[in-house]
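Chemist: Sequence lines, in order, name chains A and B. By numbering that gives the first Met the number 0, the letter at position 147 of the first sequence is numbered 146, and the numbering carries on one by one without gaps. By numbering that gives the first Met the number 0, the letter at position 193 of the second sequence is numbered 192, and the numbering carries on one by one without gaps. I have a structure I would like to understand better, so I am pasting it below and will then ask my questions one at a time.
Protein chains: 2
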Amino acid sequence: MAANNTIRLFDLQLATGCTISPFVWRTKYALKHKGFDIDLVPGGFTGIVERTGGFADRVPVIVDDGHWVKDSWLIAEYLDEKYPDRPMLFEGPSMKVLTKFIDGWLWATAIRPWFSCYILDYHDLSLPQDQAYVRESRQTLFLQGRKLEEVQAGREARLPLVPPLLEPFRELLKGTQWLGGDNPNYADYCALAVFLWTASVAKTPPLHDDDPLRDYIDRGFDLFGGLGRHPGMHDLFGLARPEANAA
Amino acid sequence: MAANNTIRLFDLQLATGCTISPFVWRTKYALKHKGFDIDLVPGGFTGIVERTGGFADRVPVIVDDGHWVKDSWLIAEYLDEKYPDRPMLFEGPSMKVLTKFIDGWLWATAIRPWFSCYILDYHDLSLPQDQAYVRESRQTLFLQGRKLEEVQAGREARLPLVPPLLEPFRELLKGTQWLGGDNPNYADYCALAVFLWTASVAKTPPLHDDDPLRDYIDRGFDLFGGLGRHPGMHDLFGLARPEANAA
């Protein structure tokens with residue numbers, strides 16, 4: 000049992016102090032959903048192996064009364080298995096499978112294009128000691144060697160193409176308060192993490208002011224005493240419409 | 000309680016005798032999942048109001064010991080509510096929400112393009128007395144007045160574009176036997192219904208022989224003693240690869 004109802008969580012932060020990793024974001028929500036206080040270990044992209052005493056080279060990592068667990072999905076499963084008497088993150092095996100599908104869809108539909116629109120912001124907002132690593136690793140691993148500046152350039156034209164792609168998600172939310180039904184669960188924390196990641200890096204907004212997703216996103220960011228409302232987060236809403244630009 | 004463990008189901012059939020409607024298909028699977036025998040009322044696209052004594056103008060419709068229910072989703076909910084001691088179709092509220100998402104994705108990704116590739120087959124396979132209605136209603140409601148022949152024309156070039164779009168579904172099935180987890184549930188019956196509809200109308204196959212989806216689809220069609228194996232069904236596999244055509 001977590002001592003003092005508290006679980007340690009290794010964070011992945013920007014210079015603003017806010018979490019950037021969508022995997023850490025969903026773990027933060029998972030821990031709060033299970034009713035735990037979080038003992039947050041600050042830190043950025045580099046030095047994770049050292050911070051975790053060699054346990055992991057990626058976060059999230061949790062330490063629950065001396066027991067270490069890594070990988071956001073495995074952490075959520077661990078929390079449900081270890082604490083079945085607290086509110087469940089997963090409803091059952093089918094909801095787990097189907098959560099992976101909508102999560103994969105949101106990554107392909109939203110994070111993929113937004114990554115290219117915000118990758119220089121992402122770099123510039125990183126901790127000073129992380130910036131060389133962020134530039135080098137992102138250019139090499141994800142961008143086929145292209146420079147961050149080159150990838151982000153021209154985003155004004157690309158950003159308006161993304162909101163229409165989110166229409167199936169808007170349609171789904173017309174019929175339900177949460178992906179969990181009447182209450183949020185891990186499916187919501189996965190979906191919200193996509194927008195939390197975006198808000199952590201987006202120096203210019205990706206969504207229109209009147210986007211019907213706003214209600215869901217705002218409710219999600221407000222959960223657990225405003226867990227998504229760190230002062231380092233950027234406004235997701237305010238993208239100008241192409242029509243307005245043309246006028 | 001269903002008399003003699005049997006529930007009546009109003010079908011929507013082609014001239015081959017096989018079910019075409021994906022909504023009837025998933026209701027057939029739902030009834031079998033709950034362990035019922037099906038008293039199938041045959042019939043095609045026309046005369047539904049007459050067959051159901053004015054109860055509905057669309058199928059599926061079930062009659063459970065005198066109690067009439069329409070709409071495939073509502074029928075599935077009715078079956079779980081009325082017979083909670085039999086295997087459940089739905090795992091819970093979150094799985095319901097997430098099933099709607101993957102079902103909507105499959106309709107947009109697969110049924111939408113395949114509809115245009117098979118709409119003349121669909122017409123030609125309909126019962127003789129239904130063909131005028133099928134032509135008129137499909138041309139007016141779904142095809143902006145275009146002729147079925149014109150819409151289906153050129154499908155050889157369009158069919159190869161669809162299998163790559165199904166990659167997220169293949170990815171998902173790498174990690175699980177069924178959308179229900181270790182056993183199929185209503186999420187699977189919704190997904191399978193997309194392919195059952197296609198097999199009912201596809202005079203030329205939409206998927207490649209070596210498509211990894213084949214394992215899932217075959218297992219699904221084999222469920223409940225081969226419920227999807229009506230002799231009127233067409234082979235889904237055998238689409239030539241564009242490379243082979245070009246050679």
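Glycine residues also receive a C-beta, built at the ideal position from the N, C-alpha and C atoms. Predicted model only: the values in this text are computed from it and were never measured.
Output needed for residue 157 of chain B: all residues of its chain with C-beta closer than 8 Å, excluding positions within five of it in sequence on either side, in chain order.
Modeler: 112, 115 and 116
Chemist: Starting from the C-beta of residue 36 of chain A, find all residues in its chain whose C-beta is less than 6 Å away, skip the five residues before and the five after it, and write them out in chain order.
Modeler: 4 and 5
Chemist: So, is the C-beta of residue 165 of chain A closer than 9 Å to a C-beta in chain B?
Modeler: no
Chemist: Please report whether the beta-carbon of residue 99 of chain B lies at a distance below 9 Å from any beta-carbon of chain A.
Modeler: At least one chain A Cβ lies under 9 Å of residue 99 of chain B.
Chemist: Residues of chain A with CB under 7 Å from residue 135 of chain B, in chain order?
Modeler: The contacting residues do not exist; residue 135 of chain B stays about 29 Å from chain A at best.
Chemist: Buried or exposed: where does residue 179 of chain A fall if 16 or more other Cβ atoms within 10 Å of its Cβ makes it buried?
Modeler: buried
Chemist: Measure from the C-beta of residue 112 of chain B to each C-beta in chain A and report whether the shortest distance is under 9 Å.
Modeler: no
Chemist: Indicate whether residue 22 of chain A and residue 126 of chain A have their beta-carbon atoms separated by less than 9 Å.
Modeler: Taking a C-beta distance under 9 Å as the contact criterion, residue 22 of chain A and residue 126 of chain A do not qualify as a contact pair.
Chemist: Is there at least one Cβ from chain A nearer than 9 Å to residue 196 of chain B's Cβ?
Modeler: no
Chemist: Going by C-alpha to C-alpha distance, which of A:65, A:232 and A:240 sits closest to residue 17 of chain A?
Modeler: Answer by Cα proximity: A:232.
Chemist: For residue 22 of chain A, which residues does DSSP report across the bridge?
Modeler: Its beta-bridge partners do not exist; DSSP assigns none.
Chemist: Leaving out five residues on either side along the sequence, give the residues of the same chain with a beta carbon under 7 Å from the beta carbon of residue 7 of chain A.
Modeler: 38, 40, 61 and 62
Chemist: Taking Cβ positions, are residue 13 of chain B and residue 59 of chain B nearer each other than 9 Å?
Modeler: no
Chemist: Residues in its own chain within less than 8 Å of residue 133 of chain B by CB, not counting five upstream and five downstream?
Modeler: 44, 121, 122 and 125
Chemist: Between which two residues does the alpha helix (DSSP H) holding residue 104 of chain A run?
Modeler: 92-105
Chemist: Roughly how far, in whole angstroms, is the beta-carbon of residue 103 of chain B from the beta-carbon of residue 170 of chain A, given that I think they are within contact range, below 8 Å?
Modeler: Between residue 103 of chain B and residue 170 of chain A, the beta carbon gap of about 7 Å places them in contact (Cβ cut-off 8 Å).
Chemist: Pick helix, strand or coil for residue 168 of chain A, following the three-state DSSP scheme.
Modeler: Reduced to three states, the DSSP call for residue 168 of chain A is helix.
Chemist: Name the chain B residues that come within less than 7 Å of residue 102 of chain A, Cβ to Cβ?
Modeler: What residue 102 of chain A touches in chain B: nothing, since even the nearest Cβ is about 10 Å away.
Chemist: Since residue 212 of chain A is in the alpha helix (DSSP H), which residue starts that stretch and which ends it?
Modeler: 212-225
Chemist: Contact check, residue 78 of chain B vs residue 29 of chain B under 8 Å by CB: the rounded distance?
Modeler: 6 Å
Chemist: Alpha carbon to alpha carbon, what distance is there between residue 212 of chain B and residue 236 of chain B?
Modeler: 10 Å
Chemist: Could you tell me the distance, in whole angstroms, from the CA atom of residue 9 of chain B to the CA atom of residue 1 of chain B?
Modeler: Taking C-alpha positions only, residue 9 of chain B is separated from residue 1 of chain B by approximately 16 Å.
Chemist: In chain A, what lies closer than 8 Å to residue 90 of chain B by C-beta?
Modeler: 90, 91, 92, 93 and 94
Chemist: Of all Cβ atoms in chain A, is any one closer than 9 Å to the Cβ of residue 234 of chain B?
Modeler: no
Chemist: Which of the three DSSP states is assigned to residue 120 of chain B in this structure?
Modeler: helix
Chemist: Note down, in chain order, every chain A residue with its Cβ under 7 Å from the Cβ of residue 186 of chain B.
Modeler: 93 and 97
Chemist: Out of curiosity, what's the CA-to-CA distance linking residue 100 of chain A and residue 185 of chain A?
Modeler: About 13 Å.
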